[in-house]
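Residue numbers for the sequence shown, in the numbering used here: 480 to 682. Think of the CB as a built atom: it goes at the ideal place given N, C-alpha and C, for glycine as much as any other residue. Inspection log for the structure reproduced underneath, given as C-alpha coordinates.
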Amino acid sequence: MGGGLGGASSNAATVINFLLKVKGVRSSNEEFLKETAFSLGADIPFFLVNKNSVVEGIGERVFPLKEKLAGIPVILIIPEGVSCSTKKMFKLWDLAKETERGRDMLVADSSLKDSCSWEVLINNIENDFLDIYLKENPYLTPIYEQIRREKELIISLSGTGSTFFVLSRRERGMSLNKLASCVRERLKGIKGVKFKLVETFIL
(Lines of atoms letter the chains of each structure in order from A and count residues from 1; the text may use other names and numbers.)
(Lines give C-alpha, C1' and ligand atoms only; values in the text may rest on other atoms or scores of the structure.)
Protein backbone atom coordinates (compact mmCIF):
# COMPACT_ATOMS: atom_id res chain seq x y z
CA MET A 1 0.00 0.00 0.00
CA GLY A 2 1.10 3.58 -0.63
CA GLY A 3 3.33 2.70 -3.57
CA GLY A 4 1.41 4.62 -6.24
CA LEU A 5 0.72 1.50 -8.31
CA GLY A 6 -3.06 1.46 -7.94
CA GLY A 7 -3.41 -1.76 -5.97
CA ALA A 8 -6.63 -0.87 -4.16
CA SER A 9 -8.20 0.74 -7.25
CA SER A 10 -7.42 -2.25 -9.45
CA ASN A 11 -8.97 -4.56 -6.85
CA ALA A 12 -12.14 -2.46 -6.82
CA ALA A 13 -12.27 -2.41 -10.63
CA THR A 14 -11.89 -6.19 -10.73
CA VAL A 15 -14.93 -6.62 -8.48
CA ILE A 16 -16.99 -4.19 -10.59
CA ASN A 17 -16.00 -5.91 -13.85
CA PHE A 18 -16.94 -9.23 -12.23
CA LEU A 19 -20.40 -7.87 -11.45
CA LEU A 20 -20.80 -6.48 -14.97
CA LYS A 21 -19.54 -9.47 -16.94
CA VAL A 22 -19.84 -12.61 -14.85
CA LYS A 23 -22.94 -11.79 -12.84
CA GLY A 24 -24.66 -10.17 -15.83
CA VAL A 25 -25.59 -6.88 -14.21
CA ARG A 26 -28.25 -5.20 -16.34
CA SER A 27 -27.14 -2.35 -18.60
CA SER A 28 -29.48 -0.01 -16.73
CA ASN A 29 -27.28 -0.50 -13.68
CA GLU A 30 -23.95 -0.36 -15.54
CA GLU A 31 -23.65 3.44 -15.57
CA PHE A 32 -24.66 3.55 -11.92
CA LEU A 33 -21.87 1.11 -11.09
CA LYS A 34 -19.31 3.16 -13.04
CA GLU A 35 -20.41 6.40 -11.39
CA THR A 36 -20.21 4.69 -8.02
CA ALA A 37 -16.72 3.46 -8.92
CA PHE A 38 -15.52 6.98 -9.65
CA SER A 39 -16.98 8.24 -6.37
CA LEU A 40 -14.96 5.56 -4.54
CA GLY A 41 -11.64 6.33 -6.21
CA ALA A 42 -10.35 8.51 -9.04
CA ASP A 43 -8.17 5.71 -10.45
CA ILE A 44 -10.92 3.11 -10.68
CA PRO A 45 -12.29 4.21 -14.11
CA PHE A 46 -8.80 3.67 -15.58
CA PHE A 47 -8.66 0.13 -14.24
CA LEU A 48 -12.18 -0.55 -15.53
CA VAL A 49 -10.91 0.19 -19.05
CA ASN A 50 -7.83 -1.93 -18.25
CA LYS A 51 -5.69 -0.65 -21.15
CA ASN A 52 -2.75 1.72 -21.46
CA SER A 53 -4.56 5.05 -21.54
CA VAL A 54 -4.41 8.81 -21.30
CA VAL A 55 -6.50 10.01 -18.36
CA GLU A 56 -7.88 13.52 -17.94
CA GLY A 57 -9.73 15.53 -15.31
CA ILE A 58 -9.37 13.86 -11.95
CA GLY A 59 -9.63 10.41 -13.47
CA GLU A 60 -13.08 10.32 -15.02
CA ARG A 61 -12.04 10.71 -18.69
CA VAL A 62 -10.10 7.71 -20.02
CA PHE A 63 -8.74 7.49 -23.58
CA PRO A 64 -7.06 4.16 -24.51
CA LEU A 65 -3.79 4.63 -26.40
CA LYS A 66 -3.53 3.53 -30.02
CA GLU A 67 0.17 2.76 -29.62
CA LYS A 68 0.83 -0.84 -28.61
CA LEU A 69 3.06 -0.76 -25.54
CA ALA A 70 2.75 -4.34 -24.31
CA GLY A 71 6.09 -6.03 -23.74
CA ILE A 72 8.18 -2.89 -23.30
CA PRO A 73 10.63 -3.34 -20.39
CA VAL A 74 10.21 -1.19 -17.29
CA ILE A 75 12.07 -1.12 -13.99
CA LEU A 76 10.30 -0.20 -10.75
CA ILE A 77 12.36 1.37 -7.97
CA ILE A 78 10.56 0.88 -4.67
CA PRO A 79 12.06 2.75 -1.69
CA GLU A 80 11.83 0.66 1.46
CA GLY A 81 9.82 2.02 4.36
CA VAL A 82 8.14 4.77 2.31
CA SER A 83 4.36 4.87 1.97
CA CYS A 84 2.56 7.83 0.41
CA SER A 85 -0.94 8.80 1.46
CA THR A 86 -2.86 9.80 -1.67
CA LYS A 87 -5.06 12.12 0.39
CA LYS A 88 -2.04 13.89 1.88
CA MET A 89 -0.30 14.22 -1.49
CA PHE A 90 -3.38 15.78 -3.08
CA LYS A 91 -3.65 18.26 -0.22
CA LEU A 92 -0.02 19.24 -0.77
CA TRP A 93 -0.65 19.46 -4.52
CA ASP A 94 -3.68 21.71 -3.95
CA LEU A 95 -1.61 24.01 -1.75
CA ALA A 96 1.16 24.20 -4.35
CA LYS A 97 -1.27 24.95 -7.18
CA GLU A 98 -3.15 27.57 -5.19
CA THR A 99 0.16 29.29 -4.48
CA GLU A 100 1.21 29.19 -8.14
CA ARG A 101 -1.86 29.78 -10.32
CA GLY A 102 -4.92 28.12 -8.84
CA ARG A 103 -5.95 24.52 -9.14
CA ASP A 104 -5.63 23.02 -12.61
CA MET A 105 -7.36 19.95 -13.98
CA LEU A 106 -5.20 17.63 -16.02
CA VAL A 107 -5.73 17.96 -19.77
CA ALA A 108 -3.53 15.82 -21.97
CA ASP A 109 -1.72 16.91 -25.12
CA SER A 110 -4.07 16.08 -28.01
CA SER A 111 -1.25 14.25 -29.81
CA LEU A 112 -1.28 11.65 -27.05
CA LYS A 113 -4.91 10.81 -27.73
CA ASP A 114 -4.92 11.17 -31.51
CA SER A 115 -1.81 9.44 -32.84
CA CYS A 116 0.49 8.64 -29.97
CA SER A 117 3.97 7.52 -31.01
CA TRP A 118 6.62 6.32 -28.58
CA GLU A 119 8.52 9.59 -29.06
CA VAL A 120 5.44 11.68 -28.25
CA LEU A 121 4.71 9.52 -25.21
CA ILE A 122 8.25 9.72 -23.83
CA ASN A 123 8.37 13.49 -24.34
CA ASN A 124 5.12 13.89 -22.40
CA ILE A 125 6.01 11.82 -19.35
CA GLU A 126 5.72 14.10 -16.35
CA ASN A 127 4.18 13.95 -12.91
CA ASP A 128 3.04 17.01 -10.96
CA PHE A 129 3.58 15.07 -7.75
CA LEU A 130 7.29 14.48 -8.37
CA ASP A 131 8.54 17.78 -6.95
CA ILE A 132 6.18 17.47 -3.98
CA TYR A 133 7.30 13.89 -3.35
CA LEU A 134 11.01 14.78 -3.43
CA LYS A 135 10.39 17.79 -1.19
CA GLU A 136 8.70 15.51 1.34
CA ASN A 137 11.41 12.84 0.96
CA PRO A 138 14.61 14.74 0.06
CA TYR A 139 16.85 11.78 0.88
CA LEU A 140 15.40 10.01 -2.20
CA THR A 141 16.50 12.78 -4.57
CA PRO A 142 19.83 11.03 -5.37
CA ILE A 143 17.89 8.08 -6.84
CA TYR A 144 16.00 10.37 -9.18
CA GLU A 145 19.02 12.47 -10.11
CA GLN A 146 21.30 9.50 -10.79
CA ILE A 147 18.87 7.99 -13.27
CA ARG A 148 17.98 11.35 -14.83
CA ARG A 149 21.63 11.96 -15.70
CA GLU A 150 21.66 8.88 -17.92
CA LYS A 151 20.62 10.14 -21.36
CA GLU A 152 19.34 6.73 -22.47
CA LEU A 153 16.87 6.51 -19.59
CA ILE A 154 13.81 8.34 -18.39
CA ILE A 155 12.54 8.23 -14.80
CA SER A 156 9.32 9.44 -13.27
CA LEU A 157 7.03 8.83 -10.32
CA SER A 158 4.12 6.40 -10.41
CA GLY A 159 0.93 8.04 -9.20
CA THR A 160 1.42 9.97 -5.98
CA GLY A 161 4.43 7.83 -5.05
CA SER A 162 6.34 6.15 -3.61
CA THR A 163 7.46 4.05 -6.60
CA PHE A 164 9.71 5.37 -9.38
CA PHE A 165 9.60 3.78 -12.84
CA VAL A 166 12.38 3.74 -15.44
CA LEU A 167 12.10 3.29 -19.21
CA SER A 168 14.51 3.35 -22.12
CA ARG A 169 14.10 6.46 -24.25
CA ARG A 170 14.21 4.30 -27.38
CA GLU A 171 11.18 2.10 -27.93
CA ARG A 172 12.28 -1.46 -27.17
CA GLY A 173 15.84 -0.09 -27.34
CA MET A 174 16.98 -2.21 -24.39
CA SER A 175 16.24 -5.71 -23.24
CA LEU A 176 14.90 -6.07 -19.71
CA ASN A 177 18.26 -7.40 -18.51
CA LYS A 178 20.18 -4.53 -20.09
CA LEU A 179 17.79 -1.94 -18.67
CA ALA A 180 18.08 -3.48 -15.20
CA SER A 181 21.88 -3.56 -15.43
CA CYS A 182 21.97 0.06 -16.49
CA VAL A 183 19.76 1.11 -13.56
CA ARG A 184 21.85 -0.89 -11.07
CA GLU A 185 25.04 0.66 -12.40
CA ARG A 186 23.63 4.16 -11.95
CA LEU A 187 22.46 3.46 -8.40
CA LYS A 188 25.33 1.39 -7.03
CA GLY A 189 27.07 4.38 -5.44
CA ILE A 190 24.03 5.57 -3.50
CA LYS A 191 24.36 5.08 0.25
CA GLY A 192 21.93 5.43 3.12
CA VAL A 193 18.85 4.62 1.05
CA LYS A 194 17.34 1.14 0.84
CA PHE A 195 15.25 0.23 -2.17
CA LYS A 196 14.11 -2.74 -4.23
CA LEU A 197 14.29 -3.09 -8.00
CA VAL A 198 11.48 -4.93 -9.76
CA GLU A 199 12.01 -6.02 -13.37
CA THR A 200 8.80 -6.21 -15.37
CA PHE A 201 7.09 -5.30 -18.63
CA ILE A 202 4.27 -2.99 -19.67
CA LEU A 203 1.17 -5.16 -20.03
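For residue i, three-class secondary structure by DSSP
i    : result
R582 : Because the pLDDT at R582 is just 48, under 50, the model does not fix this residue reliably, and the point stays unresolved.
G481 : coil
S635 : strand
G668 : coil
L499 : helix
K673 : coil
Beta-carbon contacts of residue i that lie in its chain and below 7 Å, excluding the five residues immediately before and after
i    : result
K592 : V533 and F542
G481 : S562, C563, S564 and S641
A575 : I611
F608 : M568, W572, L636, T639 and G640
Residue range of the unbroken alpha helix (DSSP H) whose run includes residue i
i    : result
I495 : G486 to N496
Same chain only: Cβ atoms within 8 Å of residue i, ignoring 5 sequence neighbours per side
i    : result
G581 : The predicted position of G581 is uncertain, since its pLDDT is 46 and thus under 50; no value can be drawn from it.
Y618 : G671 and V672
C595 : V533, L544, K545 and E546
Pair within 9 Å by beta-carbon distance, residue i and residue j
i    : j    : result
V553 : L658 : yes
L555 : T679 : yes
P558 : F644 : no
S641 : V561 : yes
E631 : S647 : yes
G550 : R651 : yes
A683 : I523 : Past the edges of the chain, shown from 480 to 682, lies residue 683, and the structure says nothing about it.
L600 : E546 : yes
K530 : L544 : yes
E634 : L548 : Residue identity check: residue 634 is Ile in the sequence provided, not Glu. No, the pair does not count as a contact, with Cβ atoms beyond the cut-off.
R665 : L676 : no
Heavy atom of the ligand GTP within 8 Å of residue i beta-carbon
i    : result
R648 : Ligands displayed in this structure: none; no statement on the ligand GTP is therefore possible.
Neighbourhood of residue i by C-beta distance below 6 Å, restricted to the same chain and skipping five residues each side
i    : result
P621 : I669
Which runs of the beta strand (DSSP E) fall wholly inside the region 511–573 and span at least 3 residues, in chain order?
Listed in chain order, they are 532–535, 540–543 and 552–558.
Output the residue ranges of the alpha helix (DSSP H) runs that lie fully inside the region 587–662 and measure 4 residues or longer, sorted by chain position.
Whole alpha helix (DSSP H) segments, 4+ residues: 589–593, 597–602, 608–615 and 620–627.
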